[in-house]
Amino acid sequence: MYERKTASNKAFLIRKLVNLKYKEGNSIAEHLNEIQSIVNQLTSMEMVLDDELQALLLLSSLPDSWETLVVSLNNSAPDGVVTMSQVTGSLLNEETRRKSLGSSHSNALITENRGRSKSRKPFNHEKSRGRSKSRKEITCYNCGKLGHYRNECRKLKREQKKEKGEKQGDKDTTTAVTEDQTIEDFDKVEKPQPYVDDLIDLDPVPSPMVHDDREDVQDHDDTVGDDAPTEIADHVDFPEQGEHPLPEPPTDPQIRKSSRQHKPSQKYSPLEYVLLTDEVETSDNILPESYPMVGGDGPYSYAKNSDFQRAAINDAKTMIDEGIAENLDIDHLSSALNTFRIADLGCSVGPNTFIAVQNIITAVEHKYQSEGLKSSIPEFQVFFNDHSSNDFNTLFTSLPLNRRYFAAGVPGSFHSRLFPEASLHFVFSAYSLQWLSKVPKEVEDKNCLVWNKGKIHCTTARNEVVEAYSAQFAKDIETFLYARAQELVSGGLIALIIPGIPNQTPHSESNLGVVFDLLGSSLMDMAKMGLFSETKVDSFKLPMYSPSPQELEGLVERNGCFSIKKFDVVAPSMKFNAQKCLMCFRAIMEGIISEHFGTKIIDELFDRCSAKLEEFSFSVDSDYPKENQLFVILKRK
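Per our numbering, the sequence shown starts with residue 90, numbered consecutively.
Below you can see the structure in the form of structure tokens.
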């Protein structure tokens with residue numbers, strides 16, 4: 090619901106926000122959602138509260154018993170500026186710490202005091218914290234030599250590099266959860282204690298963003314995702330297969346040829362979908378490299394520049410609550426279900442994924458309670474999926490300590506199978522499916538009429554280019570839905586949030602389309618200055634596509650494996666802000682741009698794009714249609 094933009098409504102919401110207080114014993118997550126809801130309403134009235142002000146209002150809403158934490162955060166803030174991400178994480182951690190102590194009062198600072206304590210009482214027998222060790226005294230736990238840590242060990246890095254080369258040559262490495270594994274294989278795995286998460290080594294060799302300093306790291310034989318070693322995450326009790334089983338993939342290679350792609354209105358049979366998925370997995374349709382969001386917690390990180398996505402997740406909370414309440418058939422799933430499995434596909438590095446997961450779990454718990462089955466609420470297992478080069482270390486180190494679920498990472502592309510058959514109950518994906526598995530080949534081919542010269546996207550391109558992007562999106566959605574149809578139990582649910590454009594609207598008239606165009610224009614300006622060639626720009630294309638509601642609905646119906654339970658088309662509650670949008674784009678696009686043009690041009694590129702966006706922001710804000718958000722709930726037939 091959107092309030093009228095009157096002064097009285099604005100004053101009411103501001104007063105409500107300022108007077109909002111956290112009550113001891115209540116959930117911090119619920120308090121954060123309440124604040125975010127008011128902020129979103131103000132944003133819809135063209136009153137944007139900056140990140141620091143939101144953080145300060147959140148701190149001021151805390152009672153006196155949290156004063157120690159407030160002082161600690163203020164003292165540790167760089168240049169005296171606190172952020173919502175920093176405050177939110179600290180509050181959730183402090184809440185968990187207090188629960189573990191059985192007290193609502195803070196007994197210690199959240200941050201540690203480095204160096205020797207300055208205040209020691211005369212008769213205090215406790216030892217103060219000593220100074221950090223000199224590097225000369227540090228012992229490497231790998232080679233045993235002095236002067237460096239294990240993660241800095243050159244010998245270890247050489248061994249890992251050699252191991253990576255050997256593993257890349259092994260094409261037959263198995264995944265952690267393959268179709269060939271039986272239920273008995275999983276029954277042999279020891280089940281962990283409740284709420285103790287599995288530690289997963291995500292790559293044979295840690296990527297630059299993923300470091301592992303644990304001293305007790307073990308070598309594992311099992312693998313997951315893209316040939317990455319790991320332990321099997323948990324005991325898996327597979328539910329019975331649904332009423333709509335899918336056929337096994339055929340072995341005749343001659344059946345592969347099909348004219349399906351030339352008939353967009355044709356409804357495919359399950360057999361054709363098997364062929365389609367098999368074709369994707371065995372060809373070069375999947376990008377050879379993945380370009381994850383900017384990891385870590387720096388000023389350009391995705392964690393600090395994903396406000397638009399967070400607002401969308403908050404907007405979708407009601408839809409998910411209603412979708413689960415109305416469509417989750419507890420009796421049909423299993424009368425003896427003891428583990429409810431959730432997957433977030435395209436999770437990135439948080440904290441948005443944690444908010445979404447908690448919303449889903451809370452809705453499922455309410456469903457059980459409404460059915461009078463409070464004592465039968467199952468345990469929850471959550472799979473966080475993204476490309477193997479995603480910054481999973483940041484993701485797992487920022488997991489909420491008070492979570493009520495087992496957590497595991499599943500690296501790999503969601504355009505193909507990721508999980509065993511009929512093993513999931515709920516799949517969630519937000520702001521991920523607009524990424525294509527690849528740029529359409531004909532768009533990059535200089536000898537093709539569809540070659541998109543001088544442009545990095547289909548925004549202002551000819552209709553043939555837009556159709557090529559649309560066809561690739563259709564193929565990706567088909568393989569995505571078919572893979573999920575195999576992984577979900579009968580009656581399982583999918584919740585999707587996808588950025589879209591209004592029906593019958595050109596991409597050039599959308600806010601995102603304008604930003605794509607300005608980014609491409611900035612690259613061409615730099616090419617004309619001689620920083621790189623125009624040919625370099627011609628060969629760079631963004632693999633992204635925003636569908637219309639009509640387009641997406643038609644693809645789901647053509648798939649035939651799911652029934653549409655909800656399909657809402659809404660405008661984002663967060664008002665379009667040029668600079669925030671650009672920071673978000675940098676967090677999303679920096680990896681793929683750096684891979685093509687190098688890292689040295691990034692700052693200048695976004696400075697130029699920022700200047701262009703400022704000049705254009707009035708038109709973006711007033712003359713162009715607002716982006717649509719497509720909220721979809723699907724149920725496995």
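Cβ coordinates follow ideal geometry from the N, Cα and C atoms, glycine included.
Over the uninterrupted alpha helix (DSSP H) stretch that includes residue 131, give me the two end residues.
Here residue 131 refers to the residue found at position 42 when the sequence shown is read from its first residue. Run containing residue 131: 117-133, per the alpha helix (DSSP H) assignment.
Give me the residue from 111, 183, 682 and 579 with the minimum Cα distance to residue 626.
As a first step, residue 626 is located in the sequence shown; it is residue number 537 there, counting from the start. When only C-alpha atoms are compared, the closest one is 682.
DSSP on residue 638, reduced to helix/strand/coil?
In the sequence shown, residue 638 corresponds to position 549, counting from 1. Residue 638: helix per DSSP, three-state reduction.
At the level of alpha carbons, what is the spacing between residue 502 and residue 112?
Taking the sequence shown and counting its residues from 1, one reaches residue 502 at position 413. Taking the sequence shown and counting its residues from 1, one reaches residue 112 at position 23. Each residue's alpha carbon lies about 42 Å from the other.
Do the stretch 410-423 and the stretch 595-609 make contact, defined as three or more Cβ pairs closer than 8 Å?
No, the stretch 410-423 does not touch the stretch 595-609.
DSSP state of residue 281, grouped into three classes?
Walking along the sequence shown from the start, residue 281 turns up at place 192. For residue 281, the predicted structure reports a pLDDT of 39, less than 50, and the residue's modelled location is therefore unreliable. The matter cannot be settled from this model.
Looking at the secondary structure, which residues open and close the alpha helix (DSSP H) in which residue 399 lies?
Looking up residue 399 in the sequence shown gives position 310. First-last of the alpha helix (DSSP H) with residue 399: 396-416.
Just to confirm the assignment, what range does the beta strand (DSSP E) spanning residue 519 have?
Here residue 519 refers to the residue found at position 430 of the sequence shown. Where residue 519 is concerned, the enclosing beta strand (DSSP E) stretches over 513-519.
Would you decide whether residue 688 is buried or exposed? Buried here means 16 or more other CB atoms lie within 10 Å of its CB.
Position 599 of the sequence shown, counted from the first residue, corresponds to residue 688. That one is exposed.
Enumerated in chain order, which unbroken segments of the alpha helix (DSSP H) with a length of 4 residues or greater are wholly contained in the stretch 643-724?
Runs of the alpha helix (DSSP H) inside the stretch 643-724: 667-686 and 691-711.
With DSSP run on the structure shown, which of helix, strand or coil describes residue 588?
In the sequence shown, the residue the question calls residue 588 occupies position 499. Strand.
Along the chain, which unbroken stretches of the beta strand (DSSP E) at least 3 residues long are found entirely within the stretch 141-173?
Within the stretch 141-173, no complete beta strand (DSSP E) run reaches 3 residues.
Mark residue 393 as exposed unless 16 or more other C-beta atoms lie within 10 angstroms of its C-beta, in which case mark it buried.
As a working note, residue 393 is residue 304 in the sequence shown. Label assigned to residue 393: buried.
Would you identify the three-state DSSP class for residue 432, choosing helix, strand or coil?
To locate residue 432, count along the sequence shown from 1; it is residue 343. Residue 432 falls in the strand class under three-state DSSP.
Spell out a yes or no on whether the stretch 119-138 and the stretch 401-414 are touching, meaning 3 or more CB-CB pairs, one atom from each, closer than 8 Å.
Touching, per the Cβ criterion.
Would you list the one or two residues that DSSP bridges to residue 500?
Along the sequence shown, read from residue 1 onward, the residue named residue 500 stands at position 411. Beta-bridge pairing links residue 500 to 475.
Identify whether residue 468 lies in helix, strand or coil by the three-state DSSP scheme.
Sequence index remark: in the sequence shown, residue 468 carries index 379 (1-based). The answer is strand: DSSP assigns residue 468 an E or B state.
Figure out for me which residue from 474, 458 and 433 has the closest Cα to the Cα of residue 467.
Against the sequence shown, residue 467 aligns to sequence position 378. It is 458 whose Cα lies nearest to the Cα of residue 467.
Considering only their Cβ atoms, is the gap separating residue 680 from residue 635 smaller than 8 Å?
What you label residue 635 is simply residue 546 of the sequence shown in a count that begins at 1. What you label residue 680 is simply residue 591 of the sequence shown in a count that begins at 1. In this structure, residue 680 does not lie closer than 8 Å to residue 635 by Cβ.
Under 7 Å Cβ to Cβ from residue 531, same chain only, skipping five residues before and after it: list those, please.
One-based indexing of the sequence shown puts residue 531 at position 442. So the qualifying residues of the chain are 537, 539 and 557.
Write down the C-beta distance between residue 469 and residue 493 rounded to the nearest angstrom, noting that I regard them as a contact closer than 8 Å.
Counted from its first residue, the sequence shown places residue 469 at position 380. Counted from its first residue, the sequence shown places residue 493 at position 404. With a Cβ gap of about 6 Å, residue 469 and residue 493 count as contacting.
Assign residue 432 to buried or exposed, taking buried as 16 or more other Cβ atoms, counted over all protein chains shown, within 10 Å of its Cβ.
Reading the sequence shown from its first residue, position 343 is the one you call residue 432. It counts as buried.
Is it buried or exposed, residue 651, if we count other Cβ atoms within 10 angstroms and call 16 or more buried?
For the purposes of this step, residue 651 is taken as residue 562 along the sequence shown, with counting starting at 1. That one is buried.
Comparing C-alpha positions only, which one of 150, 520 and 116 sits nearest to residue 105?
Counting from one through the sequence shown, the residue named residue 105 turns up at place 16. Taking only the C-alpha atoms, the option nearest residue 105 is 150.
Please state whether DSSP places residue 621 in a helix, a strand or coil.
Taking the sequence shown and counting its residues from 1, the one referred to as residue 621 is at position 532. Residue 621 falls in the coil class under three-state DSSP.
By the three-class DSSP mapping on this structure, what secondary structure does residue 602 have?
Position 513 of the sequence shown, counting from 1, holds the residue named residue 602. Residue 602 falls in the helix class under three-state DSSP.
Any idea if residue 527 is buried or exposed, counting beta-carbon neighbours within 10 angstroms, 16 or more meaning buried?
Here the question's residue 527 lines up with position 438 in the sequence shown. With 16 or more Cβ atoms within 10 Å of its Cβ, residue 527 is classed as buried.
Kindly indicate the opening and closing residues of the alpha helix (DSSP H) around residue 102.
Your numbering for residue 102 matches position 13 in the sequence shown. Start and end: 96-108.
Is DSSP giving residue 508 helix, strand or coil here?
Counting from one through the sequence shown, the residue named residue 508 turns up at place 419. DSSP places residue 508 in coil when its eight states are reduced to three.
In whole angstroms, give me the CA-to-CA distance for residue 659 and residue 184.
Within the sequence shown, the letter at position 570 stands for residue 659. Within the sequence shown, the letter at position 95 stands for residue 184. Their backbone Cα atoms lie some 34 Å apart in a straight line.
Please work out which residues of its chain come closer than 6 Å, Cβ to Cβ, to residue 541, disregarding the five sequence neighbours upstream and downstream, and give them in chain order.
As a working mapping, residue 541 is identified with position 452 in the sequence shown. 532, 550 and 554.
Quick one: measure Cβ to Cβ for residue 582 and residue 723, integer angstroms, because I've assumed they're closer than 8 Å.
Translated into the one-based positions of the sequence shown, residue 582 becomes position 493. Translated into the one-based positions of the sequence shown, residue 723 becomes position 634. Correct: roughly 7 Å between the Cβ atoms.
Is residue 383 closer than 8 Å to residue 434 when the C-beta atoms are compared?
Counted from its first residue, the sequence shown places residue 434 at position 345. Counted from its first residue, the sequence shown places residue 383 at position 294. Against a cut-off of 8 Å, the Cβ pair of residue 383 and residue 434 comes out as no contact.
Which partner residues of residue 633 appear in the DSSP bridge assignment?
As a working note, residue 633 is residue 544 in the sequence shown. Beta-bridge pairing links residue 633 to 524.
Using CA atoms only, rank isn't needed, just tell me which of 698, 243, 436 and 142 is closest to residue 522.
On the sequence shown, position 433 is the one that residue 522 refers to. Nearest of 698, 243, 436 and 142 to residue 522, Cα basis: 436.
Under 6 Å Cβ to Cβ from residue 386, same chain only, skipping five residues before and after it: list those, please.
Translated into positions along the sequence shown, residue 386 becomes position 297. Only 392 meet the Cβ criterion.
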